[in-house]
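A short worksheet on the structure shown next.
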Amino acid sequence: GERMTALTPTLQAQPADLVLNHVSLGYSETVIVRDVHGEFTAGTMTAIVGPNGAGKSTLLKGLLGLLRPLRGTVESRYPRSALGYLAQASEIEPQFPVRVEDFVAVGLWARVGGLRAVGRTLARRIDEAIVAVGLQGQASHWIGELSGGQFQRMRFARLLAQDPSVILLDEPFSGVDEPTVLTLLQLVHAWNAQGKTVIAVLHDRQLVRTHFPQTLVLAERVLAWGDTRSALDAQELVGARA
């Protein structure tokens with residue numbers, strides 16, 4: 003008889019933006035994150051969850067190249083300037099005498115190279131970023147005058163101005179009021195809709211379930227990494243609840 007050949011469509015695999023090859027991270031000989039192996043695919047949104055002290059912030063710093071691996075390698079498709087990073091708000095000094103528009107303008111330095119005069123197009127980009135986060139009318143205010151929610155909006159505006167390809171956020175919604183969380187989540191979804199890769203350290207499990215399709219559960223080692231429901235279920239099973 004005649005043989006049927008099944009024509010299976012070949013799915014175009016998405017390239018990986020960041021690849022971890024058995025990476026261990028820490029300081030001198032204190033290992034904080036052990037043997038992480040996997041990749042963040044281009045255009046995905048991944049939450050990193052796990053108990054306090056599990057190494058979540060350390061992992062972000064390793065992905066950014068701010069921390070050299072003790073073992074293994076991190077491969078990135080992009081230069082450092084194409085990676086956007088939001089450290090925990092507690093790491094920022096809000097009393098530094100800077101105006102909102104100048105703080106946001108720093109996001110453009112990677113793009114224009116140092117403190118070159120900001121041209122009209124770039125100035126418009128800064129204005130647009132400030133409006134996008136709901137801080138219109140605040141551009142000339144000192145950053146020390148902002149509320150916690152406004153301060154975090156301003157930090158997101160800087161990322162908007164930078165326009166990175168991969169965005170790494172360390173507890174971006176901690177201690178932030180509900181309206182601000184909703185505004186910032188809209189920005190995160192808008193970034194993702196543009197094909198950007200988003201990786202965020204988060205605590206709120208409901209927020210993770212609702213907004214982040216992929217989750218990495220970290221407790222020094224990777225306990226689970228995959229679609230969010232399965233990963234969080236696995237976390238429940240081992241009782242490593244954050």
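Per our numbering: the sequence shown ends with 244, consecutive numbering throughout. Cβ coordinates follow ideal geometry from the N, Cα and C atoms, glycine included. Bear in mind that the values here come from a model prediction, so they are computed numbers and not experimental data.
What did DSSP end up calling residue i once you bin it into helix, strand or coil?
{"i": "Phe42", "result": "strand"}
{"i": "Ser78", "result": "strand"}
{"i": "Ala89", "result": "coil"}
{"i": "Asp229", "result": "strand"}
{"i": "Glu148", "result": "The question names Glu, yet the displayed sequence has Leu at residue 148. Residue state, collapsed to three classes: coil."}
{"i": "Gly109", "result": "helix"}
{"i": "Pro11", "result": "Annotation note: pLDDT 45 at Pro11 (below 50); position unreliable, coordinate value reported separately. It is coil, neither helix nor strand."}
{"i": "Gly64", "result": "helix"}
Roughly how many whole angstroms lie between the Cα atoms of residue i and residue j?
{"i": "Gly139", "j": "Val100", "result": "16 Å"}
{"i": "Ile34", "j": "Trp111", "result": "32 Å"}
{"i": "Thr199", "j": "Ile50", "result": "13 Å"}
{"i": "Glu238", "j": "Val168", "result": "29 Å"}
{"i": "Gly40", "j": "Asp19", "result": "11 Å"}
{"i": "Ala242", "j": "Phe214", "result": "Low confidence applies to Ala242: its pLDDT is 48, below 50, so where it sits in the model is not reliable, and the reading given next is rough at best. Going from the Cα of Ala242 to the Cα of Phe214 covers about 19 Å."}
{"i": "Arg231", "j": "Pro71", "result": "30 Å"}
{"i": "Glu144", "j": "Leu62", "result": "First, the amino acid is wrong: residue 144 is Trp here, not Glu. Distance between the alpha carbons of Trp144 and Leu62 is about 29 Å."}
{"i": "Asp179", "j": "Gly151", "result": "6 Å"}
{"i": "Pro146", "j": "Leu137", "result": "In the sequence on display, residue 146 carries Gly and not Pro. The alpha-carbon atoms of Gly146 and Leu137 are separated by roughly 14 Å."}
{"i": "Ala233", "j": "Glu222", "result": "16 Å"}
{"i": "Lys58", "j": "Gly74", "result": "17 Å"}
{"i": "Val76", "j": "Leu22", "result": "5 Å"}
{"i": "Trp227", "j": "Asp206", "result": "17 Å"}
Pick out whichever of the options has its Cα sitting closest to the Cα of residue i.
{"i": "Asp235", "options": "Val200, Arg127, Gln216", "result": "Gln216"}
{"i": "Asp129", "options": "Leu218, Ala163, Phe153, Arg70", "result": "Ala163"}
{"i": "Leu209", "options": "Arg126, Pro81, Val38, His191", "result": "His191"}
{"i": "Gly64", "options": "Leu27, Phe98, Leu189", "result": "Leu27"}
{"i": "Gln188", "options": "Ile94, Glu103, Val135", "result": "Val135"}
{"i": "Asn194", "options": "Val38, Thr43, His24, Asp37", "result": "Thr43"}
{"i": "Phe153", "options": "Leu170, Asp165, Ser176, Pro166", "result": "Ser176"}
Give the DSSP bridge partners of residue i, in chain order.
{"i": "Ala18", "result": "Thr43"}
{"i": "Ile50", "result": "Val203, Leu218"}
{"i": "Asn23", "result": "Thr75"}
{"i": "Trp193", "result": "Paired residues: none, contrary to the question."}
{"i": "Ile94", "result": "Paired residues: none, contrary to the question."}
{"i": "Leu2", "result": "Here the chain covers residues 3 to 244 and nothing more, so residue 2 does not appear."}
{"i": "Arg223", "result": "Ala221"}
{"i": "Thr185", "result": "Note: Thr185 sits in no beta bridge, so no partner."}
{"i": "Gly28", "result": "Val33"}
{"i": "Arg101", "result": "Trp144"}
Using a C-beta cutoff of 7 Å, does residue i count as contacting chain C?
{"i": "Trp227", "result": "Absent from the structure: chain C. Only one protein chain is present."}
Any heavy atom of the ligand SAM inside 6 Å of the beta-carbon of residue i?
{"i": "Thr212", "result": "In the structure shown, the ligand SAM is absent, as is every other ligand, since no ligand is present at all."}
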